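Just remember that our numbering sits 875 ahead of the position in the sequence shown, which is counted from 1. Working notes, beginning with the structure itself.
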Amino acid sequence: MEKTLLANPGTTASCPARARKWSNSQPADLTHMGRSREDSTGIEAFAMPVSALPRTGSDPVLLKAPAPLGTVANSLRASDGQLQAKAPAKPPRTPSFELPDASERPPTYCELVPRVPCVQGTSLSQSCPEPEAPWWEAEEDEEEENGCFTRPQAEISFCPPDTPSCLLGPQNQPLEPQVLHTLRGLFLEHHPGSTALHLLLVDCQATGLLGVTRDQRGNMGVSSGLELLTLPHGRRLRLELLERHETLALAGALAVLGCSGPLEERAAALRGLVELALALRPGATGDLPGLAAVMGALLMPQVRGEHGVEEAGVRVTGKTGEEACAGLFSQVSRLEHTWRQLRRSHTEAALAFEQELKPLMRALDEGAGPCDPGEVALPHVAPMVRLLEGEEVAGPLDESCERLLRTLHGARHMARDAPKFRKVAAQRLRGFRPNPELREALTTGFLRRLLWGSRGAGAPRAERFGKFQRILGVLSQRLEPDS
């Protein structure tokens, strides 16, 4: 009996060789082929490349890509009428992008290979679009180089539109403790160089140096905010920059006066502001409006005292570092203990503040500081803005006239070199990806709501600043009362 079965294996219906009849190459057996493949091939087979498929059964016929689809369909239709009655149970392993005319004709219900026209002839790298560059790295149009005058249409504001804040609620109170705690941790997470780049990015947007659209250029008649500041219809931008400067200075002073813990905590806050100012100075980040705001916080009467501003140009020679600092710090009228602790714990930062930052800031305010594109990415605009808004120049008459002329001369050069400043700022920010929360925390709108709340942010400017100056005075007296 065993010899009979071995000699004639096709006589028994249950023989395994009988179940593999699906590999017959005749088209009439395609319906049976679809039922038999469900157990042996999965979805992975459809995604395999053509070169990796095994050579079994009818596969050699299906792998001939040059064969037209119409010829294959006609031969199948002539040999097996069941293909017009129902669709195949499983698609073959030949990918649809092997068909040369898959995108030229609409698919039919009875065809053997379902077609995906969007995949044909495209590589994976071509189907994925390249990520767009951020707006501060976008190429500026060259229309401003044609030398044609464009009549201004309206006053322009570069403040970003109000959007839902990720740090403040829709209706917030002034100086919310939880928000202040979050901000303190956020600034501690970033080193001074990173914070300086965030501040440069926001300052360039607020000044209209980067990210200016074609419509904005057409409305203001010039190519950048540095030129608009010198023109009569730039008054709105001048007022916005003045408020930004003062708001940043108040926020920096709050970072020190809001430390109600030990003395070392306030000294560390002072050191952080000094290191940020060093990162913003010319030759580093080169953000002079940011530098002026940080120095304004350090020289504020509630933080250092009025004598600190007058001693900005003091030079000390022939003394050691601690002796030099002791001579300078003897003129401090507020937070004396905090400044002395800064000298003891962070002597390098204290010396940099006294011997480098204060003389530099005084020269910038007088129009004699460095302002060449290259070492400076964004020039110091506050003196020119105050002058054009009608503020009188302090000091004796002869000195004030010279300072006035230097300021106007610097404003002319600033407007002329606006394209150079834009290139330098874009180069400093190339490849920079800001932290969204820290970037928001440095915007004028956020700081206004943080200091005065959602309701008080709309109050008149003079009223808001006067009230907050009194708040800072109270905090300073609580930390170190007058003896």
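Built from N, CA and C at the ideal position, the CB exists for glycine as well. The structure displayed is predicted, hence computed values, not measured ones.
Query	Result
On a Cα-Cα basis, can you pick out the residue from A1293, P1164, L1283 that is closest to A1071?	P1164
By DSSP's criteria, P1248 is part of a beta bridge. Which residues make up the other side?	V1251
Alpha carbon to alpha carbon, how far is Q1230 from P1223? Give it in angstroms, no decimals.	Note that residue 1223 is Glu in the sequence shown here, rather than Pro. Distance between the alpha carbons of E1223 and Q1230 is about 10 Å.
With L1104 and V1260 assumed to form a contact (beta carbons below 8 Å), what rounded beta-carbon distance in angstroms separates them?	6 Å
When burial is assigned at 16 or more other CB atoms within 10 Å of the CB, is R1336 buried or exposed?	exposed
Please report the residue range of the alpha helix (DSSP H) in which R1330 lies.	1319–1331
What three-state label does DSSP hand D1357 in the structure shown?	coil
Following a CB-centred definition, is L1155 positioned closer than 7 Å to any heavy atom of the ligand FAD?	Absence of the ligand FAD from the depicted structure is noted, as is the absence of any ligand whatsoever, leaving it without description.
Where L1123 and L1166 are concerned, what is the direct C-alpha to C-alpha distance, given to the nearest angstrom?	10 Å
Helix or strand or just coil, what does DSSP make of H1221?	coil
I'd like the list of long-range same chain contacts for R1111, defined as Cβ closer than 8 Å, with 5 residues on each side in sequence excluded.	E1030, I1031, S1032
Mind reading off the beta-carbon distance from A1126 to L1347? Whole number of angstroms is fine, and I expect it under 8 Å.	That belief does not hold up - the Cβ atoms of A1126 and L1347 are roughly 11 Å apart, past 8 Å.
Note the first and the last residue of the continuous alpha helix (DSSP H) segment covering V1087.	Premise fails: V1087 is in no alpha helix (DSSP H) and is neither H nor E.
Measure the C-alpha to C-alpha separation of D1078 and D1162 and round it to an integer number of angstroms.	8 Å
Using a 10 Å radius around the Cβ and a threshold of 16 neighbouring Cβ atoms, would you call A1013 buried or exposed?	exposed
Output the distance between the C-alpha atoms of L1326 and G1096, rounded to the nearest integer angstrom.	35 Å
Per DSSP, D1162 forms a beta bridge with which residues?	L1253
Any idea if P1356 is buried or exposed, counting beta-carbon neighbours within 10 angstroms, 16 or more meaning buried?	exposed
Please report the distance separating the alpha-carbon of Q1091 from that of L1055.	35 Å
From what residue to what residue does the alpha helix (DSSP H) around D1273 run?	1272–1291
If you measure between the beta carbons of L1313 and H1120, is that distance less than 8 Å?	no
Over the uninterrupted alpha helix (DSSP H) stretch that includes L1042, give me the two end residues.	Where L1042 is concerned, there is no enclosing alpha helix (DSSP H), given that its DSSP letter is neither H nor E.
Assuming R1303 and L1075 form a contact by the criterion Cβ under 8 Å, report the distance between their Cβ atoms to the nearest whole angstrom.	6 Å
So L1043 and R1330 are in contact, right, with Cβ under 8 Å, and what is the actual spacing, rounded?	Not confirmed; about 13 Å, so no contact.
So, with DSSP's three-state summary, where would you put I1031?	coil
Please report the distance separating the alpha-carbon of V1178 from that of R1209.	6 Å
Taking Cβ to Cβ, would you say A1168 is nearer than 8 Å to L1148?	no
Looking at the structure shown, is M1175 part of a helix, part of a strand, or coil, going by DSSP?	coil
With distances taken from CA atoms, which of A1152, P1137, L1280, H1108 is nearest T1213?	P1137
Since L1063 and L1354 are thought to touch, with beta carbons under 8 Å apart, how far apart are those beta carbons, to the nearest angstrom?	Between L1354 and L1063 the Cβ distance is about 20 Å, and since that is not below 8 Å, they are no contact.
Quick check: what's the CA-CA separation for T1282 versus E1274?	12 Å
Could you tell me the boundaries of the alpha helix (DSSP H) in which L1056 lies?	Just to set this straight, residue 1056 is His in the shown sequence, not Leu. It spans 1052–1064 - the alpha helix (DSSP H) in which H1056 sits, taken as one unbroken run.
Determine the closest residue to P1009 out of G1265, V1268, P1309, with distance taken between C-alpha atoms.	P1309
L1350 to H1066, Cα distance in whole Å?	27 Å
Report back the beta-carbon spacing between M1289 and M1236 to the nearest angstrom; my notes put them in contact at under 8 Å.	Rounded, the Cβ-Cβ distance is 18 Å, inconsistent with contact.
Can you look up R1156 in the DSSP assignment and give me helix, strand or coil?	coil
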